[in-house]
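**Student:** Residue numbers for the sequence shown follow our numbering, beginning at 442 and rising by one. We put the CB at the ideal spot given by N, CA and C, even for glycine. The structure displayed is predicted, hence computed values, not measured ones. Shown below is the structure under consideration.
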Amino acid sequence: MNSSKKLKILLLLFFFASLNLLKANNLQITSVSLINKNTVDDYLYVQFNISWDNSWRISTGAQNWDAAWVFIKFRVNGGEWQHASLSNIDNEHVVPSGVDVDATSDGRGIFLYRSTTGSGNNNWPAVQFKWLYGNDGVADNTTNIEIKVFGIEMVYVNEGPFYLGDGASVGRFWNTGDVNTNPAYISNTPIIVKCENTSLDDTQLEGDGILVDGDGGIDMDGTTSVDNSNFPTGYRAFYCMKHEISNKQYAEFLNTLTRAQQQARTYRDISGVPVLYPFPMNRNAQITSRNCIRYSNPSGGTAEPVYFFCDLNDNGVEGDDDDGENIALCYMGWPDGCAYSDWAGLRPMTELEFEKACRGPENAIPYEFAWHTTNIYNVEYTFDASNGVGTVNSYPNNPGTGTQANVQWQYTTGHDTQHDAPLRVGMFATSSSDRVNSGASYYGILDLSGTMSERCVTLGKSQGRSFQGTHGDGLLSVAPLNPGDATNTDWPGLNDNTIQTPQGSGLRGGDWNDGVNGLYVSNRSLAAEDIYVPANVGPGTQFVS
């Protein structure tokens, strides 16, 4: 990765700008415009304002920061949406004072974050990203360009050693050179890791174990020498999404796909006109577990993409405050999550990265949660109409206080018909909440215990151990391949050159409907379970870079 800032000027294009308001911590991107076109070198600038709440950069403790991962989609003359190629040179982008830029080498997106220590709300006007439109086949005289700028809140996880397993949880990892009640220490010194029996992991991991070299990769097949140096062990630095993917984020993803691609990423058939099922994301074709993504019937036939929006109050109107936009998405299978990750230029995380993201370098505690204690709030949350479960800023009347950690799990969300479903992502993070009260990890990542289970690349199957950690390129498959799939051939679930099955993935961290055992950081009872969904409503996910 690199970083970014500024360059030149010339003329203005006629364009449509789409505003993407994502309010988990109120990330907003507004005032999008295209400026300073250079027809000699075929670039221009995409200008926008970006803001979000409860941001930080700290120089003690975790010594990390939160960031916005920003990427751009465009289309010409109402055609298909494409991913914009941005300059991978940091200082060719323009940002206000106090902002750092980290442009990725592939030009798929850019990280924006504070350049100095501090906390509070970010409000950064007139950010300018250099778009290399010539690289995307856009002609100099093209005028009818529509732009969408997307932002995802992320958290930086530092490079360094960490503990794997807690010495107690089901299926936990441990070092074969030690007793199974001690965690494994992942560093730049290779060790052989195995797991307690789950009946789901293969005989390699449960038997002889897998060699893990923190900064060197893994041994996939038990030869005790590294043969996958690119496997993300968690030792190297990475970014993780700050919270689970929301209904709104997935609807916006669907709205940049072709009709055939949309069909692959919804559960019910949407190929006809009219579309028969108003809520096509689950088998019930109605609002279920607060999955409230609804379609608007296309007027132009079966080839025209369907428009999706959130409609938890079921009145057919988009944009109401109680439409459930920020509720955690459920009914998302592994192929769906991989498609979103590829589209966004991110990648799935491994289960080793999951444990690193939870506990950081801290010692493992038996049966600990992501907030590094064994305390958990167990009273069902209540809500008023003004802050109801589907509202943009939903928050309970009776949150846990003191040492009782707030989290979405069976006792707080699953005891009656009103709350038997996930709630708002990142709900408990406020300007005054601490790690325990917000249910946050060592690094400040939310929703890792509870809310939705994390779909991770497993160490317990050969398909998972083949993962090379490549990032998405922003483009999904098209015919003659199965349309709408991720295309990274090293990702688990590969079938006919696209990601179509869950083989090599599994679940970590538990969900809103789980009992307490499922929420333990080191519980691996489903870590190698090939769950398809949507028969199981639990899985969501958080992606990494």
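Can you check which of these residues, LYS571, THR557 and ASN466, is closest to ASN477 by C-alpha distance?
**Tutor:** LYS571
**Student:** According to DSSP, what are the bridge partners of ALA509?
**Tutor:** LEU553 and GLU594.
**Student:** In terms of DSSP beta bridges, what is PHE489 paired with?
**Tutor:** VAL568
**Student:** What is the residue span of the beta strand (DSSP E) that ALA692 lies within?
**Tutor:** No beta strand (DSSP E) holds ALA692; the alpha helix (DSSP H) holding it covers 688-695.
**Student:** Tell me where the beta strand (DSSP E) around LEU652 begins and ends.
**Tutor:** It spans 651-654 - the beta strand (DSSP E) in which LEU652 sits, taken as one unbroken run.
**Student:** For TYR604, count neighbouring Cβ atoms within 10 angstroms of its own Cβ and tell me buried if that reaches 16, exposed if not.
**Tutor:** buried
**Student:** Does the distance from the C-beta atom of GLU594 to that of HIS684 stay below 8 Å?
**Tutor:** yes
**Student:** Between which two residues does the beta strand (DSSP E) containing GLN469 stretch?
**Tutor:** 468-479
**Student:** If you compare alpha carbons, which of GLU637, ARG865 and ASN490 is closest to TRP953?
**Tutor:** ARG865
**Student:** Over what stretch of residues does the beta strand (DSSP E) that includes VAL542 continue unbroken?
**Tutor:** Here the beta strand (DSSP E) through VAL542 covers 540-544.
**Student:** Quick check on GLU521: buried or exposed, where buried means 16 or more other Cβ atoms within 10 Å of its Cβ?
**Tutor:** exposed
**Student:** So, under 8 Å CB-CB, ARG788 and PHE552 are touching, yes? Tell me the CB distance rounded to an integer number of Å.
**Tutor:** Not quite, the Cβ-Cβ distance comes to about 15 Å (not below 8 Å), so this is no contact.
**Student:** Taking just the CA atoms, how far does GLY885 sit from SER922?
**Tutor:** In the sequence as displayed, the identity of residue 922 is Leu instead of Ser. In a straight line, the C-alpha of LEU922 is about 39 Å away from that of GLY885.
**Student:** Exposed or buried, which one is THR674 when buried takes at least 16 other CB atoms within 10 Å?
**Tutor:** buried
**Student:** My understanding is that ALA705 touches PRO924, with C-beta atoms under 8 Å, so please give their C-beta distance in whole angstroms.
**Tutor:** 6 Å
**Student:** Do GLY915 and TRP775 come within 8 Å of each other at the CB atom, strictly closer than that value?
**Tutor:** no
**Student:** Excluding sequence positions up to five away, which residues of its chain have a Cβ less than 8 Å from the Cβ of VAL714?
**Tutor:** ASN738, PRO739, GLY742 and THR743
**Student:** Per DSSP, which one or two residues make a beta bridge with TYR604?
**Tutor:** Note: TYR604 sits in a beta bridge opposite TYR626.
**Student:** Enumerate in chain order the residues of its own chain whose CB-to-CB distance from LYS464 is below 6 Å, with the five nearest sequence positions on each side excluded.
**Tutor:** Because the pLDDT of LYS464 is 41, which lies under 50, any placement of that residue in the model is unreliable, and the number read from its coordinates should be weighed accordingly. Same-chain partners within the cutoff: ASN767 and VAL833.
**Student:** Can you tell me which of the three DSSP states GLU821 falls into?
**Tutor:** coil
**Student:** Between which two residues does the alpha helix (DSSP H) harbouring GLU796 extend?
**Tutor:** 792-800
**Student:** How big is the Cα-Cα spacing for ASN563 and ILE586?
**Tutor:** One C-alpha to the other measures close to 29 Å.
**Student:** Could you name the residues of the same chain whose beta carbon sits closer than 8 Å to that of SER666, not counting the 5 residues immediately before and after it, in chain order?
**Tutor:** LEU652 and ASP660
**Student:** Taking Cβ to Cβ, would you say TYR574 is nearer than 8 Å to TYR484?
**Tutor:** yes
**Student:** Report the rounded CA-to-CA distance for GLN941 versus THR928, giving the unit in angstroms.
**Tutor:** Separation of GLN941 and THR928 (C-alpha to C-alpha, rounded to the nearest whole angstrom) is 10 Å.
**Student:** To test your reading of the DSSP string, which unbroken alpha helix (DSSP H) runs of 4 or more residues are found completely within the stretch 887-964?
**Tutor:** 903-906
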